[in-house]
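Visitor: One structure follows; several queries about it will come next.
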Amino acid sequence: MDRTDWILVCDYDSTFEADTIQRLMTAALVSGYDAVAPLQTKRDEGMPMFTPEGHDGSIGQVQLANEWFEAVIQPVDSAHFGCTLIRSAALKRTPAPWFLGTPRPDGHWGDAPPGETVHRVDPDIYFWKNFKKAGNKLGIAPQVAIGHAELKLTWPGRDLKPVYQSPSQYWAKGGNRPPEAWGSREHGEASLDQT
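By our numbering, the letter at position 187 of the sequence shown is numbered 188, and the numbering carries on one by one without gaps.
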């Protein structure tokens, strides 16, 4: 960290255009922020991956005015690491440990049941809370967006044309292929669990 002013953090499943880094760096330098991330959405829910500054942390949608997205940068309480520029000096100010997750009080890592006010803290959210507590500024550059690659399952259909399924759909169906896929129980083909 002593040999560079900025560190670029990229996830393996982030996709972005050639000028994305330049646009992020411009937003960082113009704004004076210590970390800048582009807009990125979660794969399954399609929700943006950030927490607006001052949000209470409850799970669910947050309504933001259209003007919010027109700014060069907006302050946030958390972001992602998909393609994020972080000032080296800001990392030095951030106390260790940087990443520390804690489960809900009942020991579970899933989302809290409705009405429960204490949530788990994922390691990345812990990092951003600690980062900001150290006096660092975190922002989203709403004019810069990146993609979030997703694995896709391709099954042969009854007509042998491809039938697509996301991994989350596969697991939500109990680890079963879609009904229109060749060999599905709905079509009477043999499967391992038939008795």
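Note that beta-carbon positions come from the ideal geometry of N, C-alpha and C, so glycine has one too.
1) Quick check: the region 117-132 against the region 101-109, are there 3 or more CB pairs under 8 Å?
2) State the Cα-Cα distance for the pair Leu40 and Asp160, rounded to the nearest angstrom.
3) Taking three-plus beta-carbon pairs below 8 Å as touching, is the region 79-98 in contact with the region 20-38?
4) Between Gly83 and His149, is the Cβ-Cβ spacing less than 8 Å?
5) Can you check whether the CB of Ala142 is closer than 8 Å to the CB of Val63?
6) Whole angstroms are fine: how far does the CA of Pro180 sit from the CA of Arg88?
7) Can you grab the Cα-Cα spacing for the pair Leu154 / Val31, in whole Å?
8) Can you name, in chain order, every residue of its own chain whose Cβ lies under 8 Å from the Cβ of Leu65, other than the five neighbours on each side?
9) Find out if the Cβ-Cβ distance for the pair Ala80, Trp129 is shorter than 8 Å.
Guide: The short version:
1) Touching, yes.
2) Counting from one through the sequence shown, the residue named residue 40 turns up at place 39. Counting from one through the sequence shown, the residue named residue 160 turns up at place 159. Each residue's alpha carbon lies about 39 Å from the other.
3) Inter-segment contact for the region 79-98 and the region 20-38 is present: three or more beta-carbon pairs are separated by less than 8 Å.
4) Counting from 1 along the sequence shown, the entry for residue 83 is found at position 82. Counting from 1 along the sequence shown, the entry for residue 149 is found at position 148. Pairing Gly83 with His149 gives a Cβ-Cβ distance under 8 Å.
5) Taking the first residue of the sequence shown as 1, we reach residue 63 at position 62. Taking the first residue of the sequence shown as 1, we reach residue 142 at position 141. No, they are not a contact pair.
6) Mapped onto the sequence shown, residue 88 falls at position 87. Mapped onto the sequence shown, residue 180 falls at position 179. Put simply, the backbone Cα of Arg88 is about 50 Å away from that of Pro180.
7) The residue given as residue 154 occupies position 153 in the sequence shown. The residue given as residue 31 occupies position 30 in the sequence shown. Distance between the alpha carbons of Leu154 and Val31 is about 43 Å.
8) Here residue 65 is taken as the residue at index 64 of the sequence shown, counted from 1. So the list reads Pro53, once near-sequence residues are dropped.
9) Numbered from 1 along the sequence shown, position 79 holds the residue referred to as residue 80. Numbered from 1 along the sequence shown, position 128 holds the residue referred to as residue 129. For the 8 Å CB-CB criterion, Ala80 and Trp129 form a contact.
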